[in-house]
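Reviewing the structure listed below.
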Amino acid sequence: MDIPRIFNITESAHRIHNPITPEKLATLGLALRLEPGTRMLDLGSGSGEMLCTWARDHDIIGTGIDMSQLFTRQARLRAEELGVDERVEFIHGDAAGYVSAEKVDVAACVGATWIGGGISGTLELLSRSLRAKGIILIGEPYWRKFPQTEDVAKGCLANSISDFLMLPDLLASFGQLGYDVVEMVLADQDGWDRYEAAKWLTMRRWLEANPDDEFAKVVRTQLTSEPERYSAYTREYLGWGVFALMPR
Ligand code: SAH
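Below, the structure is given as structure tokens:
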């Protein structure tokens, strides 16, 4: 079981698979006022940077589940590197339907809400692992600039304009689903560059190392077109943030 190969190639050098930077991830950890021993669950934990750095900085304990074998391996190595492998555990698997045996204080899905079939399904899934008065973290894009046409939405790799909301509407939608928005940390364009532009050097190096790979054509096409697509669309139109929610 694994995610499509293209992500394991283009994001192989990423510690954070989203437009949030290490500084903003640290800001979020502080903003949540985490107590030592806070128990966390992270669905789609990627290379584990959130759980590992918060275990180091705030003494949290937690479990991450991710479908990428590579990212899960990297998460375990990162935990060892930071000396927190006794506090955090990374499971390779499908997080769809995953409910923790013990209730958690913080249940997260950062940039992977398709796992629960969208925001409302993911909130429902996470809430099944959450203790009363716990916090849910959702990482999600929103329209920073509203796209005038469906082509612009497709340029942002969305299926349609209706995939995302403007920020006030996204925040209102959490309310409509029965949650208070109690904190948020938003990405900016520099953060988008760290996520997207970092893929380009990784792709270039991968192509040099794997010229005869059957996948080289796909990676070459992407490396050629991505800088222009990204700067014209995603960088201009898409915002992204992590939203901390508590059930009303
Ligand atoms: N939260 C991490 C990773 C976000 S990228 C971070 O912010 O760095 C999305 C992640 O979801 C990827 O690591 C991908 O491997 C994982 N993923 C995709 N589908 C999944 C599924 N069904 N179950 C678990 N993980 C999944």
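Residues in the sequence shown are numbered consecutively from 4, following the working numbering. Glycine included, every Cβ here is placed at the ideal spot set by N, Cα and C.
Residue closest to residue i, alpha-carbon to alpha-carbon, out of the options
i	options	result
residue 21	195, 239 and 112	195
residue 60	120, 240 and 34	34
residue 46	70, 25 and 182	70
residue 135	84, 249, 212 and 26	249
residue 106	128, 24 and 14	128
residue 319	28, 171 and 152	As shown, the chain starts at 4 and ends at 251. That puts residue 319 outside it, with no answer to give.
residue 72	11, 31, 188 and 108	11
residue 138	112, 146 and 162	112
residue 159	7, 230, 80 and 48	230
residue 237	220, 210, 214 and 193	193
Contact test: residue i Cβ vs the ligand SAH heavy atom, cutoff 8 Å
i	result
residue 117	yes
residue 52	yes
residue 99	yes
residue 114	yes
residue 124	no
residue 46	yes
residue 142	yes
residue 132	no
residue 74	yes
Rounded straight-line distance, which links the Cα of residue j to that of residue i
i	j	result
residue 3	residue 233	No answer is possible for residue 3: the residues shown for the chain start at 4 and end at 251.
residue 149	residue 244	16 Å
residue 175	residue 206	39 Å
residue 4	residue 130	26 Å
residue 102	residue 126	12 Å
Contact belief for residue i with residue j at Cβ below 8 Å, rounded distance in angstroms
i	j	result
residue 118	residue 98	5 Å
residue 40	residue 51	That pair is no contact at about 19 Å.
residue 189	residue 242	6 Å
residue 170	residue 198	Actually they are not in contact, since the Cβ atoms of residue 170 and residue 198 sit about 19 Å apart, beyond 8 Å.
Segment limits, beta strand (DSSP E) that includes residue i
i	result
residue 45	42 to 46
residue 143	133 to 146
residue 168	That residue, residue 168, is in no beta strand (DSSP E); it is neither H nor E in DSSP.
residue 273	Nothing about residue 273 can be reported from this structure: the residues present for the chain run from 4 to 251 only.
residue 17	No beta strand (DSSP E) holds residue 17; DSSP gives it neither H nor E.
residue 158	Careful: residue 158 lies outside any beta strand (DSSP E), inside the alpha helix (DSSP H) at 153 to 158.
Unbroken alpha helix (DSSP H) run spanning residue i, endpoints
i	result
residue 34	25 to 34
residue 206	192 to 212
residue 60	52 to 61
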